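Read in the numbering used here, the sequence shown has 213 at position 10, and its numbers run on one by one without any break. Glycine included, each C-beta is placed from N, C-alpha and C at the ideal position. Being a predicted model, the structure only gives us computed values, none of them experimental.
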Amino acid sequence: MKLENCTPFSELLKSAWIFFSSVTFRVLLHLDSRPT
């Protein structure tokens, strides 16, 4: 499978990864800043 043929899928995967990483970062930051 050529990489040029799955460009839309690559873009979708990249945007999904950005969304996932940003959400994970917010969750970790929220848990870390939670008062003990």
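Coarse secondary structure for residue i, derived from DSSP in three states
i: residue 237; result: coil
Proximal residues to residue i (C-beta, below 8 Å), its chain only, five neighbours per side dropped
i: residue 214; result: none
Rounded C-alpha distance that separates residue i from residue j
i: residue 230; j: residue 221; result: 14 Å
i: residue 216; j: residue 237; result: 31 Å
i: residue 225; j: residue 210; result: 23 Å
i: residue 234; j: residue 212; result: 32 Å
Contact set for residue i: own chain, Cβ-Cβ below 7 Å, skip 5 residues either direction
i: residue 218; result: none
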